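Colleague:
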Amino acid sequence: MRSAGNDLAALLDLAAATAGDERRRLWRRGLAALAAAAEIGPAPLEGLDPAQLLGSVRLVLADPELDDWSWMSPSHAARVQVELAQAVPPGSERRELGRRVIRMLREGDRQTFLVLATALALSSPRALDPAAVRARLEVVLAAPLSAPGGVGALALALIARPELSGRWLLTPSTGSLPERRLAARLLAHAAREVMERGGDGAELFGLADVASAHRRLLTDREALVWRFAAVARGIIAHARSEIAAEIDHELQLGGDAVRRAATSAAAALERGGMALRWQPLLAARSRRDPGVARAVLQGLAGLAATQPAAADALAAATVPLGGLDAVEALVDLVREEGDLPLPRARAAAIAWLDAQDRGRELDDGLVALALALRAELAGQGAPGALASAVRATRDELDGGHLAAAVGHARTGLDELAAIVDWLERASEDDPLDRRHTQRALRELERELLADGTLAAALTLADGDGAGLGGLTAPTARLERTLLAREASPETAGALPNFRLRLTRLRVLVRLLDGAGGAAAPGPGARLPALQVLVQRARDDQSPLRRAVWAAMTRTWDALLRDDDLEVSDLLLALTSWFDPGEDFAIVREATMVPAVELALDAYQQLMGATWAAADPDDTTALARACERLADLGKALPRAASPRVEALRDAIAAAARAVAVMVRASGRAAVPPASLDELTRAVGALSAGAGGARRRIGLPIGADLAAPAEAMTNLRLALERSIRAGAGAIDDEVAAGRDALRGILPPAITDLVITVLTRVARLPVETDNLLPLIVRGVGLPSWLPMSRSVGGFHLLAPIGTGGGGSVFVACRSDDRTRAQPETFALKVPDYGGTAAGTMSEREFEALFRQEAGALLALPPHRNLAGFITFDAGARPKPILVMELVPGPTLERLLDRGGLDMSAALTILDGLAAGLSAMHGARVAHLDIKPQNVILREAGGEPHAPPDLAAPGPAAAVPVLVDFGLAGRQLRPGCGSPHYGAPEVWQPGRQPGEPFPSDVYALSCVAFEVVTNTVLVDGPNLNNVLRQHYDGHAARRVRRAFGTDPALAGLGELLVAGLAVDPHKRPSIDRFRAGLAAVAPDVRHARWPASADAVGRLP
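According to the working numbering, the sequence shown is numbered sequentially starting from 104.
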């Protein structure tokens, strides 16, 4: 007797055989041996010479008589060609065999597909990626357990290999309904295969990723998903004691947990053993909870296939305990498993149905369902046209007749369109229409939403899923029809025809969850559905409320999966749209997107903490609420998208700011930086909320700028109260509350307002001042991990402007000190203004060149002290100046309280500082209120900034931010509202830059006197045009020309605002002119009347 090895060696002898009959005999003998060896174990050709094997394959492919595989079964022919393709060296022969394998994978019968897919899963997993393969696999997995060809080996391979497990189990476990359904079926078949192998492979179910996906599928809200995951758990419990213990525990619980445990226990019965102890408990729990009875029947498929009599007895005892739902579960079991006989169970179900008094039943949906179930149990009536088309499609696919399967699928599409036509026309008022609607919806659920056969055949029509386009139109119509029927909120406690309404919503939920595999009709196609459901969910108080919220949630999930919306949209829009007390428990339960669950769980924790911190004086509870706010930001996915990252940053900033305010023991101890950070965070949250509502299509109904404006007004009121030593800010807090509500998530609004209310109750002064600087927050991404540049360590940002960013910094050697000496450090920022006239490299070179000119500046009380300049610092050159304490002139003007004497003192100080700079042949080139700081006279150079200065007259104006200073005028160096005309027009720059400072100072002088920006407009082009055409001078003349006290000042400013820089006075002449008009100006009222300023031309 020849050994198998000798038979396989016949594959190598073809070249030596000269006669055709001999070659054919050798080839067939070798192939038969190869097919048999492949069934025994993998890699049967290992050890044979690849070169000799390639020679034989080449001879076969060139000889039509040898290249005849019809004498073998299709599955064996497919398997041996896979083995040959893997064994021969790369080349044209291997590619030809590979093409044949792929064609057979797509067009072969069920057994051929299984053989090929299993072999490829172990050797060439990427061959299983195409949509056509996934579609075919779903049909195979949905077949009855008694169908020929074992699926288990393939299912086990798909979860065993990490790269396959990710694509077929882990990712789908959070995907659409068809993807989750396929993943759950995969687990059930894999569990059966493990037990068929005596438990070999059970450890796979303990792997972290597999166990996590299994748990997600087990807790899925869809019975189409969780029942298969529960079946997998019950089967694998025979090999894993901890899973058996879990089922034991959950059988003692209630609700969803006991029902899923019941399905697992029923599934475990197919293998007997320890599972038999659960059978009495299942009966007891079924008597107490009809839902458990239904769950038991959902797990009986394995027992029905292996021990039909035992399954029949258990089902017969269980059906009467579960009522109509259990009867429906029995009918589904019989149908899914190939018309199981189960005579006793059928009889018990029919008897229960006949015993019900439907004469008094007012729900036509229930009546129609009961009649349909009885007809199926009794074998009466033909299946619906759609069901017949789907069944024919599946049979043809299993037989490998692709063209015929596609033909039946297209017939199914026609039947689907006919059902949708009926549903569009059906009357809600006609009982017969309502009953027919119930039957039509049930057929759609079974044949379209619980079964992927129709979608699979259409996918196979062209191999890449584009054939699904034919399914898009009818399913989109169906979605619109169901939405139109369920658009209006219900508030009644009891609804007529509740079963029909619930069925309709369930079909809608599964459609919106991507069921049926319909190709996406386009970006944002589900947004209209979301808009309808969000509106209804807010006002619905009927028994359908959970179903409505579930539909809304699955729509969110689908839009998130398709990247039409993001988690940030959900958090900002959903939480602010619904009642402030809504905890979104249904959404958290119904969502299949982990990021949504995490975000809403964190939001629910914040809500609870905020409610507990309702007392503004309870600092412990407020501190915990601030921590929960920070946790909310952390719960959002990192680096998911720019919008999500912006929301993370805004929430983190708000949490930092309010946490600092909670620790303050007096208003003066509240760091201005925290108020600014909270204002920016509130503005970002408002903008994000507005954008989210626009994307969803919800009305905004509020001024999105109002929250940030309210925070700014509150900050100014707080500063005024600190300066005055007293004063209530309750009105500003109330205005902030009104501005925030309806825009921001309620829990965030409540926390912010409670913290601000606490601040309003604080005394002004405190002996325990908090440090101003919160280190390391808001620093740029280009900064090295050390946060050190050129020997300085950056602590916190101050702001941007003047072509650069400014930071609080200390010397690197002092960075560990609690109170290091601090400085203002500026680095160049290449922005839009500079980009219009020079490259980024040219911009940085100019910064280095001009900053060196600052070495010539003399010390002056009106100039920030120059510390150092490092042109070679990396990654950016740095300019280090004295960090001047005090409020900016801009903030001083915002909070008001000046008089003309103080205004003149400020202007004279600025002119004095510029005079010192111009004397050193250096121009500032960025004069504006933001770059002027008011420091108390005699104050220590590095004392903490004090915004509560007793009065502006005692403060010394100091020019800061010399980032644009230099000896030459460059295009774009300046700020739009203050920059001279020559700054903005290339080619108009004069030889000296000093007149541009005089122009900017004149703009600032007008603003200081009137508290009104001189040159303003709706956009940048409008502002620059006013500079070009002399509008600034005309406005000054019109404002001051008729007031004797201000006329002289007006003439001085008109001269300083001349469009021609050569006609402007020098800074010394300007200062002298200011001194000359001061006696008249000093007695004028501050600010100059808005009426006197007049309107723009």
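Where is the CB? At the ideal position from N, CA and C, for every residue including glycine.
No experiment lies behind these values; they were computed from the predicted model shown.
Around the Cβ of residue 220, are there at least 16 other Cβ atoms within 10 angstroms (buried) or fewer (exposed)?
Modeller: Answer is buried; the Cβ neighbour count reaches 16.
Colleague: What first and last residue would you give for the beta strand (DSSP E) that runs through residue 175?
Modeller: Where residue 175 is concerned, there is no enclosing beta strand (DSSP E), given that its DSSP letter is neither H nor E.
Colleague: Please report the Cβ distance between residue 159 and residue 117, rounded to the nearest whole angstrom; I am assuming they are in contact, meaning their Cβ atoms lie under 8 Å.
Modeller: The Cβ separation is near 4 Å, so the contact holds.
Colleague: Under a Cβ-count criterion, where at least 16 other Cβ atoms within 10 Å of its own Cβ denotes burial, should residue 1159 be classed as buried or exposed?
Modeller: Buried.
Colleague: In chain order, what residues of the same chain have a beta carbon less than 8 Å from the beta carbon of residue 878, not counting five sequence neighbours either side?
Modeller: Note on residue 878: pLDDT 49, under 50, position unreliable in the model; the coordinate value appears next. Closer than 8 Å at Cβ, skipping near neighbours: 898 and 899.
Colleague: With distance defined between alpha-carbon atoms, name the residue in 998, 1113, 994 and 1008 nearest to residue 1033.
Modeller: Residue 994 is the option with its Cα nearest to residue 1033.
Colleague: Report the CB separation of residue 295 from residue 333 in whole angstroms; it is logged as a contact under 8 Å.
Modeller: Contact flag wrong, Cβ pair sits at about 14 Å.
Colleague: So who's on the other strand from residue 973, going by DSSP bridges?
Modeller: Paired residue(s): 981.
Colleague: Considering only the beta carbon of each residue, do residue 1201 and residue 230 sit closer than 9 Å?
Modeller: Since the first residue of the chain shown is 104 and the last is 1200, residue 1201 is not available in this structure.
Colleague: Ends of the alpha helix (DSSP H) at residue 230?
Modeller: Here residue 230 belongs to no alpha helix (DSSP H), and DSSP marks it neither H nor E.
Colleague: Does DSSP put residue 737 in a helix, in a strand, or in coil?
Modeller: If DSSP states are grouped into helix, strand and coil, residue 737 belongs with the helices.
Colleague: Which of the three DSSP states, helix, strand or coil, is assigned to residue 1185?
Modeller: It is coil, neither helix nor strand.
Colleague: For residue 1145, name the three-state secondary structure that DSSP assigns.
Modeller: Coil.
Colleague: Can you tell me the Cα-Cα spacing of residue 1072 and residue 1175, whole angstroms?
Modeller: Going from the Cα of residue 1072 to the Cα of residue 1175 covers about 25 Å.
Colleague: Between residue 562 and residue 245, how many whole angstroms is the CB-CB distance? I'm expecting something under 8 Å.
Modeller: Rounded, the Cβ-Cβ distance is 14 Å, inconsistent with contact.
Colleague: Give me, in chain order, the residues of the same chain whose beta-carbon lies closer than 7 Å to that of residue 488; leave out the 5 immediate sequence neighbours on both sides.
Modeller: Excluding positions up to five away in sequence, the list reads 518.
Colleague: What are the start and end residues of the alpha helix (DSSP H) that includes residue 259?
Modeller: Per DSSP, residue 259 belongs to the alpha helix (DSSP H) from 255 to 263.
Colleague: Give me the Cβ distance between residue 931 and residue 907, rounded to the nearest whole Å; I'm assuming they're in contact under 8 Å.
Modeller: Right, the Cβ-Cβ distance comes to about 5 Å (below 8 Å), so this counts as a contact.
Colleague: Quick one: any contact between the region 475 to 488 and the region 444 to 456, if contact means 3 or more CB pairs under 8 Å?
Modeller: Contact between the region 475 to 488 and the region 444 to 456 is present, because at least three Cβ pairs lie under 8 Å.
Colleague: Using the three-state DSSP reduction, which class does residue 914 fall into: helix, strand or coil?
Modeller: Three-state result, residue 914: strand.
Colleague: Just to confirm, does residue 564 get its C-beta within under 8 Å of one of the non-hydrogen atoms of the ligand NAP?
Modeller: Absence of the ligand NAP from the depicted structure is noted, as is the absence of any ligand whatsoever, leaving it without description.
Colleague: Could you pull out every unbroken alpha helix (DSSP H) segment of at least 4 residues lying fully inside the region 981 to 1028, listed in chain order?
Modeller: Listed in chain order, they are 992 to 998 and 1003 to 1022.
Colleague: Among 371, 157 and 694, which residue has its Cα nearest to the Cα of residue 283?
Modeller: Closest option to residue 283, Cα to Cα, is 694.
Colleague: Could you have a look at residue 900 and say whether DSSP puts it in helix, strand or coil?
Modeller: Strand at residue 900.
Colleague: Exposed or buried, what is residue 223 when buried is set at 16 or more other beta-carbons lying within 10 Å of its beta-carbon?
Modeller: Buried.
Colleague: Contact defined as beta carbons within less than 8 Å: I believe residue 445 pairs with residue 414. What is the distance between those atoms, to the nearest angstrom?
Modeller: Right, their Cβ atoms sit about 7 Å apart.
Colleague: Thinking C-beta only, is residue 691 closer than 9 Å to residue 712?
Modeller: No, the pair does not count as a contact, with Cβ atoms beyond the cut-off.
Colleague: What's the gap between the Cα of residue 306 and the Cα of residue 298?
Modeller: Cα-Cα distance, rounded: 12 Å.
Colleague: Among all the DSSP beta bridges, which residues are the ones paired with residue 601?
Modeller: Answer is none; residue 601 lacks a bridge partner.
Colleague: Between residue 1113 and residue 988, how many whole angstroms is the CB-CB distance? I'm expecting something under 8 Å.
Modeller: Their Cβ separation, rounded to whole angstroms, is 27 Å, which puts residue 1113 and residue 988 out of contact at 8 Å.
Colleague: Measure the alpha-carbon distance for residue 997 versus residue 725 and round it to whole angstroms.
Modeller: Rounded to whole angstroms, residue 997 to residue 725 spans 31 Å at the Cα level.
Colleague: Can you name the residues that DSSP bridges to residue 1030?
Modeller: None, per the DSSP bridge assignment.
Colleague: Are the Cβ atoms of residue 422 and residue 396 separated by less than 9 Å?
Modeller: The answer is yes: Cβ separation under 9 Å.
Colleague: Quick check on this structure: which residue in 501, 833 and 285 has the alpha carbon closest to the alpha carbon of residue 816?
Modeller: If we check each option's Cα against that of residue 816, 833 comes out closest.
Colleague: Smallest Cα separation from residue 1203: which of 1036, 887 and 681?
Modeller: Lying outside 104 to 1200, the shown extent of the chain, residue 1203 is not represented and no answer is given.
Colleague: Assign residue 1102 to buried or exposed, taking buried as 16 or more other Cβ atoms, counted over all protein chains shown, within 10 Å of its Cβ.
Modeller: With 16 or more Cβ atoms within 10 Å of its Cβ, residue 1102 is classed as buried.
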